[in-house]
Amino acid sequence: MRVLFTYMGAPTTPDEVENFIFRFLYDVRKDIGLNVPGAKAIIRGIAKARARAVRSHYEVMGGKSPLVEYMGEIAGLVSERTGHDIKLGMCYSRPLLEELNWNFDLVFPLYHVYSSSTTERCLVKIRELFGEKPYVREWWRNERFIAWVRHNIEKGLVESGFDNPYVILSVHSLPKKVIERGDPYERSHRRLAERVMKAFDLDWSIAFQSRFGKGEWLGPEVPEVLERLKEDGVEEVLVYPLSFIVENVETLYELDVEYREKAESLGLRFYRAKLDHRNDYLISAIAEEIGRWEDGKA
Numbered sequence: 022m023r024v025l026f027t028y029m030g031a032p033t034t035p036d037e038v039e040n041f042i043f044r045f046l047y048d049v050r051k052d053i054g055l056n057v058p059g060a061k062a063i064i065r066g067i068a069k070a071r072a073r074a075v076r077s078h079y080e081v082m083g084g085k086s087p088l089v090e091y092m093g094e095i096a097g098l099v100s101e102r103t104g105h106d107i108k109l110g111m112c113y114s115r116p117l118l119e120e121l122n123w124n125f126d127l128v129f130p131l132y133h134v135y136s137s138s139t140t141e142r143c144l145v146k147i148r149e150l151f152g153e154k155p156y157v158r159e160w161w162r163n164e165r166f167i168a169w170v171r172h173n174i175e176k177g178l179v180e181s182g183f184d185n186p187y188v189i190l191s192v193h194s195l196p197k198k199v200i201e202r203g204d205p206y207e208r209s210h211r212r213l214a215e216r217v218m219k220a221f222d223l224d225w226s227i228a229f230q231s232r233f234g235k236g237e238w239l240g241p242e243v244p245e246v247l248e249r250l251k252e253d254g255v256e257e258v259l260v261y262p263l264s265f266i267v268e269n270v271e272t273l274y275e276l277d278v279e280y281r282e283k284a285e286s287l288g289l290r291f292y293r294a295k296l297d298h299r300n301d302y303l304i305s306a307i308a309e310e311i312g313r314w315e316d317g318k319a
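Counted the way this note's numbering counts, the sequence shown spans residues 22 to 319.
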């Protein structure tokens with residue numbers, strides 16, 4: 022069987038940062054009020070300016086995001102486990118969906134939680150390019166995936182050396198209007214968080230990151246929670262990026278640099294638990310979900 026792993030993507034070279042931003046903004050131009058005459062030129066200018074502004078973020082990671090490389094490693098490991106032919110197809114970075122010449126049988130979005138802003142955007146693009154294809158909608162309920170998240174937190178607790186930290190489960194934010202239209206993203210993350218944290222006798226909460234653009238977004242944001250924890254007398258904070266499965270600019274720069282600096286300025290001890298994307302819990306969870314689809318088809 023041929024399986025397509027899909028995601029929005031991330032810049033794989035320093036030169037791709039501007040084009041990645043352009044492709045994304047042009048695709049969402051209706052949502053951000055830029056579906057106007059001359060939109061391409063306007064958005065190209067925005068992408069150029071934004072690329073200059075975030076260049077230092079990518080320099081921390083050697084000039085590129087490791088997201089696509091790490092997702093390729095996941096694809097290879099799942100292929101070894103299942104015997105299936107698995108390829109990557111990204112919406113906004115290479116390997117681009119529009120450059121893919123391959124007849125696949127199943128679409129597997131590497132977003133474990135469905136959202137109209139992420140999963141559905143990938144599925145829409147796939148429909149436009151390839152027609153209707155079977156797909157796995159989401160997979161956050163998989164018990165091995167939940168075990169994987171717990172494994173990462175447990176490892177973070179050991180590596181941090183903290184005795185009794187407050188745990189922040191960080192989730193990529195979305196505009197509130199998306200949730201108000203019925204998107205299950207926030208609700209699903211809260212349910213996932215509750216299932217994960219049943220295994221720990223620690224205080225915890227969800228906070229949001231990566232807000233950009235105007236309007237109301239989901240909150241509170243991580244820096245706000247850090248300030249509240251300081252006021253409450255908390256000394257140690259462990260952060261886990263609940264909405265991601267591989268390291269990327271949001272974890273390696275936003276969490277590890279910006280939010281660490283914020284925590285340290287408040288006098289908090291801060292540790293960010295890492296995403297162990299090669300771990301067997303994750304690989305077997307994805308393999309199991311593909312197998313369930315095959316069983317259901319049969």
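Virtual Cβ for every residue (Gly too), placed ideally from N, Cα, C.
Assigned exposure category for residue i - 16 Cβ within 10 Å defines buried
i, result
"D224", "exposed"
"A294", "buried"
"A319", "Because A319 carries a pLDDT of 43, less than 50, the predicted location of this residue cannot be relied on, and the following value inherits that uncertainty. Exposed, since its Cβ has fewer than 16 Cβ neighbours within 10 Å."
"P155", "exposed"
"G110", "buried"
"N163", "buried"
"I311", "buried"
"H70", "The residue asked about is misnamed: residue 70 is Ala in this sequence, not His. Exposed."
"D204", "buried"
"G317", "exposed"
"S286", "exposed"
"R76", "exposed"
"G254", "exposed"
"V99", "buried"
"E207", "buried"
"G97", "exposed"
"G177", "buried"
Nonlocal neighbours in the same chain, by C-beta distance under 7 Å from residue i, ignoring five residues either side
i, result
"D36", "none"
"H210", "V134, V192, I227, L263 and S264"
"N173", "Y261, A294, K295, L296 and D297"
"A284", "L247, V258 and F291"
"S137", "V199 and D204"
"L150", "L118 and E119"
"I181", "Per the sequence shown, the amino acid found at residue 181 is Ser instead of Ile. Taken in chain order, the residues that qualify are L259 and Y292."
Cβ-based neighbour list, residue i, same chain, cut-off 6 Å, excluding 5 preceding and 5 following
i, result
"F324", "Outside the shown range of the chain (22 to 319) lies residue 324, about which nothing can therefore be said."
"Y274", "H78 and V81"
"T140", "P130 and Y132"
"V188", "L223, W225 and L259"
"L121", "G110"
"D126", "M22 and R23"
"E248", "none"
"S86", "A31, P32, N269 and V270"
"R50", "N56 and A60"
Span of the alpha helix (DSSP H), counted from its first residue to its last, around residue i
i, result
"F265", "Run containing F265: none; DSSP gives neither H nor E here."
"V24", "Unbroken run through V24 is the beta strand (DSSP E), R23 to Y28; no alpha helix (DSSP H)."
"D48", "E37 to D48"
"I167", "E164 to S181"
"F151", "T140 to F151"
"K283", "R281 to S286"
"G66", "A60 to E80"
"W251", "Reading off the sequence shown, one finds Lys at residue 251, where the question assumed Trp. Unbroken alpha helix (DSSP H) run through K251: V243 to E252."
For residue i, the first and last residue of its enclosing beta strand (DSSP E)
i, result
"F291", "R290 to R293"
"H193", "Y187 to H193"
"S226", "W225 to Q230"
"L213", "Note, L213: premise wrong, no beta strand (DSSP E); alpha helix (DSSP H) at Y206 to M218."
"V89", "First-last for V89: L88 to T103, but that is the alpha helix (DSSP H), not the beta strand (DSSP E)."
"P130", "L127 to P130"
"I107", "D106 to M111"
Own chain, CB closer than 8 Å to residue i, minus 5 neighbours either side, in chain order
i, result
"Y276", "With the sequence shown as reference, residue 276 is identified as Leu, and Tyr is not the correct amino acid for it. Excluding residues within five positions, the ones whose Cβ falls inside 8 Å are S191, Q230, V243, V260, P262 and R293."
"R115", "G30, T33, E37 and V89"
"W314", "L127, P155 and V157"
"E237", "P196, K197 and K198"
"G84", "T34 and P35"
"F233", "none"
"K251", "L287, G288 and L289"
8 Å Cβ cutoff met for residue i and residue j
i, j, result
"L303", "L239", "no"
"S167", "H298", "The question names Ser, yet the displayed sequence has Ile at residue 167. Cβ atoms of I167 and H298: not closer than 8 Å."
"L289", "V258", "yes"
"E39", "A68", "yes"
"N300", "W169", "yes"
"R165", "A306", "yes"
"A214", "R171", "no"
"F45", "Y113", "yes"
"V217", "M92", "no"
"R65", "F41", "no"
"I147", "L118", "yes"
"R142", "A308", "no"
Kindly confirm or deny that the region 56 to 65 and the region 106 to 114 touch, where touching means at least three C-beta pairs closer than 8 Å.
no
Is it true that the region 148 to 164 meets the region 120 to 140, where meeting means three or more beta-carbon pairs spaced less than 8 Å apart?
yes
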